[in-house]
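Structure first, then comments.
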Amino acid sequence: MPPSLVERLDAIEDLPTIPHTMQAVLSSLDSVSASAARLEGIIKEDPVLTAKVLKVANSAAYGAGTEISSLSRAIVTVGFDEVRNIVIGLSLSGLFCDDLGFDEFNAVDIWLHSIAVATCAKMIAQEVDGLDPEEIFTAAMLHDIGRILFCLYFPDELRDVLATVHNDNISLNEAEEQYGLAHSEIGAYLAYRWQLGGFMVNVIRYHHHPLKAGEYTAAAAAINLADAISIQLQIGWTGLGPSPKVKVAKVLGLDSDKIKQIARAFNAEKEQIVSGWSSVIST
Numbered sequence: 095m096p097p098s099l100v101e102r103l104d105a106i107e108d109l110p111t112i113p114h115t116m117q118a119v120l121s122s123l124d125s126v127s128a129s130a131a132r133l134e135g136i137i138k139e140d141p142v143l144t145a146k147v148l149k150v151a152n153s154a155a156y157g158a159g160t161e162i163s164s165l166s167r168a169i170v171t172v173g174f175d176e177v178r179n180i181v182i183g184l185s186l187s188g189l190f191c192d193d194l195g196f197d198e199f200n201a202v203d204i205w206l207h208s209i210a211v212a213t214c215a216k217m218i219a220q221e222v223d224g225l226d227p228e229e230i231f232t233a234a235m236l237h238d239i240g241r242i243l244f245c246l247y248f249p250d251e252l253r254d255v256l257a258t259v260h261n262d263n264i265s266l267n268e269a270e271e272q273y274g275l276a277h278s279e280i281g282a283y284l285a286y287r288w289q290l291g292g293f294m295v296n297v298i299r300y301h302h303h304p305l306k307a308g309e310y311t312a313a314a315a316a317i318n319l320a321d322a323i324s325i326q327l328q329i330g331w332t333g334l335g336p337s338p339k340v341k342v343a344k345v346l347g348l349d350s351d352k353i354k355q356i357a358r359a360f361n362a363e364k365e366q367i368v369s370g371w372s373s374v375i376s377t
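Following this line, the structure appears as structure tokens:
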């Protein structure tokens, strides 16, 4: 990360802190003693979050088939990991849902995109040896948080970046890098400030350049591929300018047939993802 960018980020006094519930979920579930009762207890501390978790769990996105009226039933019916992921998604999206000040960026669309990428990346991770699907889900939820911070804290520079995208017909990522303000670096900085560990920091940093991610290459590649699939399927925010192609199939050990199979399975869930999450993100 350019030293000048670090200095500018360090100088921001109101940089968001990690959501309390997300921190509690991540720290408690790192422990071998993680339990459904502990997860339920964390969620219950926030009545608004509890209501939103139940709303998402009852949506078509999770296809419970029967009404879920309690957190304990949600954990049993939908699954421990799925409820955990719902909590992380809601905790993060609750940070920024206001007007970002740019017609090109809408917070709800960015979070819908992040949820879509997280869902798809988890599906990819389930097919790749050595990747933890839940860890990948969390990293994917965070992969574009730098875009929102860019809007909020560097609006003048972002206007220059957007002008470059339109005038030079290059991708948004390429234009950001020309100005030394890549959203991936900003997101990685926030993950570092939140003490999320080297995995999260580096996967966020390299999700557009997974082949540079060293030991985290496969994880970054899974999110890169999920990002491309989600944009192709037009879920949430879909980018600006031409999208550079990164060849990650070989890194992941997936052939074209397997990737198409994952994309079809994900596409089948597209409408449920959007309908299940849209209302709770925007409230």
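Under the working numbering, the first residue of the sequence shown carries the number 95, and numbering increases by one thereafter. Beta carbons: idealized from backbone N, C-alpha and C, even for Gly.
One thing to note: Ala-276 has its Cβ no nearer than 9 Å to the Cβ of His-260. Annotated as distal: Asp-238 and Ile-182, with beta-carbon spacing of 9 Å or more. For Pro-141, the uninterrupted alpha helix (DSSP H) run begins and ends at 141-151, by DSSP. Taking a contact to require three or more Cβ pairs closer than 8 Å, the stretch 159-179 and the stretch 359-370 do not qualify as touching. In the structure shown, Ala-168 falls within a helical segment according to DSSP collapsed to helix, strand and coil.
Per the coordinates, the alpha-carbon of Ala-322 lies some 11 Å from the alpha-carbon of Val-342.
A Cβ-Cβ distance of about 7 Å is found for the pair Glu-279 and Gly-240, placing them in contact under the 8 Å criterion.
Collapsing the DSSP output to three states places Tyr-273 in coil. Pro-304 counts as buried, since at least 16 other C-beta atoms from the protein chains shown sit within 10 angstroms of its C-beta. In the structure shown, the three-state DSSP call for His-114 is helix. The beta carbon of Ile-298 lies closer than 7 Å to those of Ala-233, Leu-236, His-237, Ser-278, Gly-281, Ala-282 and Ala-285 in the same chain, with the five residues before and after it left out. Of all alpha-carbon atoms in Val-374, Glu-270, Cys-214 and Leu-103, the one lying nearest the alpha-carbon of Val-255 is that of Glu-270.
Judged by DSSP secondary structure, Thr-160 falls outside any alpha helix (DSSP H); it is assigned neither H nor E. In the DSSP annotation of this structure, the continuous segment of the alpha helix (DSSP H) that includes Thr-258 starts and ends at 249-262. By alpha-carbon distance to Gly-292, the top candidate from Phe-199, Tyr-273 and Ala-314 is Ala-314. Under the DSSP assignment, Gln-326 falls in the alpha helix (DSSP H) whose first and last residues are 311-326.
In the DSSP annotation of this structure, the continuous segment of the alpha helix (DSSP H) that includes Ile-136 starts and ends at 130-138.
Under the DSSP assignment, Asp-175 falls in the alpha helix (DSSP H) whose first and last residues are 174-187. Ranking Val-100, Leu-334, Ala-320 and Thr-332 by CA distance to the CA of Ile-230 puts Ala-320 first.
DSSP places Pro-227 inside the alpha helix (DSSP H), whose first and last residues are 227-236.
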